[in-house]
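A.B. asks: Protein chains in written order, with the numbering used here: chain A, 1 to 112; chain B, 1001 to 1115. This is the structure I want to talk about, given as structure tokens.
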């Protein structure tokens, strides 16, 4: 089955700097890759996603890149702000109707 | 409804008791998922319902766990003879058709504490 790894497990950056979180997946048939942000005590919320026919997608300060050959995808946050502090989960979905397999999460702390 | 609704928001139960958790998905969402999240941990898949198809129960950790869904509406997750290791937040999510197309919307979760 699908296995999703995520690095780093924790990340601290200064406000205004960039943050990058990387995920790898094992199933070459996976073709949809969402990212979720979970603030302390709250539900995970979808922030951006990418499909396998696209190499990069950007939405304001966040972007996701996908390398299908290497089976990895990354989340990039630029000009980080304290409200970006949260746990970020990547996920992969390998086939129609299948549930997501989530990575273990990255705790991002943006220091003022 | 406007979002995925879960009840109760918090549940404290004694070891050995049965509990029932409820999820009310977004109206029209055919797919419904249950996940478990232990304190400080990731999202552990439990079970997936898609329309009238047989559910994917591959994530249920033991036969003490079961879930039902009536049509494309409410789902209940039942944990029998609860154990302390069942303590976690149980998250429900729904999506329009397949998640690979539309992504999940999560509920706020039920925090279960087994004492």
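We put the beta carbon where it would ideally sit given N, CA and C, even for glycine.
Note down, in chain order, every chain A residue with its Cβ under 8 Å from the Cβ of residue 1042 of chain B.
C.D. replies: As a working note, residue 1042 of chain B is residue 42 in the second chain. Those within 8 Å of residue 1042 of chain B in chain A are 89, 102, 103, 104 and 105.
A.B. asks: Residue 1033 of chain B: which of B:1069, B:1019, B:1018 and B:1016 sits nearest, CA to CA?
C.D. replies: Within the second chain, the letter at position 33 stands for residue 1033 of chain B. Taking only the C-alpha atoms, the option nearest residue 1033 of chain B is B:1069.
A.B. asks: Can you give me the C-alpha to C-alpha distance between residue 77 of chain A and residue 1076 of chain B, rounded to a whole angstrom?
C.D. replies: One-based indexing of the first chain puts residue 77 of chain A at position 77. One-based indexing of the second chain puts residue 1076 of chain B at position 76. Distance between the alpha carbons of residue 77 of chain A and residue 1076 of chain B is about 37 Å.
A.B. asks: Within this structure, are the beta carbons of residue 106 of chain A and residue 6 of chain A separated by less than 7 Å?
C.D. replies: As a working note, residue 106 of chain A is residue 106 in the first chain. As a working note, residue 6 of chain A is residue 6 in the first chain. Contact: yes.
A.B. asks: With 16 other CB atoms within 10 Å as the buried threshold, where does residue 1091 of chain B fall?
C.D. replies: Stepping through the second chain from its first residue, residue 1091 of chain B is reached at position 91. It counts as buried.
A.B. asks: Apart from the five residues on each side of it in sequence, which residues of its chain come closer than 7 Å, Cβ to Cβ, to residue 8 of chain A?
C.D. replies: Position 8 of the first chain, counted from the start, is the residue given in the question as residue 8 of chain A. Around residue 8 of chain A: 106.
A.B. asks: Measuring CA to CA, which of B:1106, B:1029 and B:1045 is closest to residue 1052 of chain B?
C.D. replies: Within the second chain, numbered from 1, the residue matching residue 1052 of chain B stands at position 52. Answer by Cα proximity: B:1029.
A.B. asks: Which residues does DSSP pair with residue 1094 of chain B in a beta bridge?
C.D. replies: Your numbering for residue 1094 of chain B matches position 94 in the second chain. Partner(s): B:1032 and B:1105.
A.B. asks: If we count the other Cβ atoms within 10 Å of its Cβ and call it buried at 16 or more, is residue 1038 of chain B buried or exposed?
C.D. replies: Within the second chain, numbered from 1, the residue matching residue 1038 of chain B stands at position 38. When all chains shown are included, residue 1038 of chain B counts as exposed.
A.B. asks: Going by DSSP, what residue range makes up the beta strand (DSSP E) through residue 20 of chain A?
C.D. replies: Locating residue 20 of chain A in the first chain gives position 20, counting from the first residue. Where residue 20 of chain A is concerned, the enclosing beta strand (DSSP E) stretches over 19-25.
A.B. asks: Is it buried or exposed, residue 37 of chain A, if we count other Cβ atoms within 10 angstroms and call 16 or more buried?
C.D. replies: Taking the first chain and counting its residues from 1, the one referred to as residue 37 of chain A is at position 37. Classification for residue 37 of chain A: buried.
A.B. asks: Below 8 Å on the Cβ atoms is my guess for residue 92 of chain A versus residue 25 of chain A; work out the distance and round it to an integer in Å.
C.D. replies: For the purposes of this step, residue 92 of chain A is taken as residue 92 along the first chain, with counting starting at 1. For the purposes of this step, residue 25 of chain A is taken as residue 25 along the first chain, with counting starting at 1. That pair is a contact at about 4 Å.
A.B. asks: Run through DSSP, which three-state label would residue 2 of chain A get?
C.D. replies: Taking the first residue of the first chain as 1, we reach residue 2 of chain A at position 2. Three-state DSSP puts residue 2 of chain A in coil, outside helix and strand.
A.B. asks: So, are the CB atoms of residue 1094 of chain B and residue 1026 of chain B less than 7 Å apart?
C.D. replies: Start at 1 with the first residue of the second chain, and residue 1094 of chain B comes out as number 94. Start at 1 with the first residue of the second chain, and residue 1026 of chain B comes out as number 26. Yes, these two residues count as a Cβ contact at 7 Å.
A.B. asks: Can you grab the Cα-Cα spacing for the pair residue 956 of chain B / residue 1113 of chain B, in whole Å?
C.D. replies: Residue 956 of chain B lies beyond the range of chain B shown here (1001 to 1115); nothing can be said about it.
A.B. asks: Can you name the residues that DSSP bridges to residue 47 of chain A?
C.D. replies: Within the first chain, the letter at position 47 stands for residue 47 of chain A. None; residue 47 of chain A has no bridge partner.
A.B. asks: List, in chain order, every chain B residue whose beta-carbon is nearer than 8 Å to that of residue 43 of chain A.
C.D. replies: As a working note, residue 43 of chain A is residue 43 in the first chain. Within 8 Å Cβ-Cβ: 1091, 1106, 1107, 1108 and 1109.
A.B. asks: Could you pull out every residue in the same chain whose Cβ sits closer than 6 Å to the Cβ of residue 100 of chain A, ignoring the five residues on either side in sequence?
C.D. replies: Residue numbering aside, residue 100 of chain A sits at position 100 when the first chain is read from its first letter. Result list for residue 100 of chain A: 91 and 93, in chain order.
A.B. asks: Are residue 1006 of chain B and residue 1082 of chain B closer than 7 Å when you measure CB to CB?
C.D. replies: Walking along the second chain from the start, residue 1006 of chain B turns up at place 6. Walking along the second chain from the start, residue 1082 of chain B turns up at place 82. It is not a contact, given that the beta carbons lie outside the stated cut-off.
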